Amino acid sequence: MPMDLVIEVDNEPGALARVAAAISDAGVNIAAATCIGAAERAELHILVPHAEAAKHSLSISHLAVTREREVVVVDVTEDRPGVLADLARAIAKAGVDLDLVYVATHNRVVFGSADLAGLKQALHQN
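Counting from 1, position 124 in the sequence shown corresponds to residue 350 in our numbering; the numbering is continuous, with no gaps.
See below:
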């Protein structure tokens with residue numbers, strides 16, 4: 227189950243390197259990452275397939291996961307203009323509000339919503 231881990235860090239050189247090293251030290255691959263925040267603190271959203279191992283290694287490195295949640299990851303088999311619009315329209319048609327979207331490796335899109343069941347249904351994910 228893909229999990230979005232949020233790690234709050236000081237917005238300084240090396241912060242991402244410390245997080246990435248801690249996760250890789252656990253033998254966990256980072257499938258996607260995004261950073262939000264231009265002030266003194268930043269939120270790193272990291273998509274991992276094995277959350278428990280990543281969280282354990284982060285805690286040993288004195289990096290705390292402040293939030294975690296299951297997300298829906300959609301494989302985009304046809305990389306063309308309009309794919310994200312098509313997915314977003316399907317989600318909107320189902321009446322689901324999104325609160326997280328980012329792109330992952332291997333042509334995948336990550337979606338988060340408080341209505342995870344509705345999101346999965348709108349995107350035909352089981």
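Using N, Cα and C, we set each Cβ at its ideal position, and we do this for glycine too. Since the model is a prediction, treat every value here as computed from it, not as a measurement.
- If you draw a straight line from the Cα of VAL235 to the Cα of HIS288, it comes to about 11 Å.
- For VAL309, the enclosing alpha helix (DSSP H) covers residues 309–319.
- Distance from LEU313 to LEU345 at the Cβ level is roughly 11 Å; contact not present, criterion being Cβ atoms closer than 8 Å.
- Cβ contact annotation for GLU294 (same chain, cutoff 8 Å, sequence separation greater than five): MET229, ASP230, LEU231, VAL232, ALA277, LYS281, in chain order.
- Rounded to whole angstroms, the gap between the alpha carbons of ASN352 and LEU310 is 20 Å.
- At a Cβ-Cβ threshold of 8 Å, LEU270 and LEU242 count as neighbours.
- Where ASP236 is concerned, the enclosing beta strand (DSSP E) starts and stops at 229–236.
- Using a 10 angstroms sphere on the CB of ILE249, the tally of other CB atoms reaches 16 or more, which defines it as buried.
- Between VAL300 and VAL335, the C-beta spacing is below 8 Å.
- With 16 or more neighbouring CB atoms inside 10 Å of its own CB, SER339 falls in the buried class.
- Every alpha helix (DSSP H) stretch that sits fully inside the segment 272–352 and reaches 4 residues is listed by chain position as 277–286, 309–319, 342–348.
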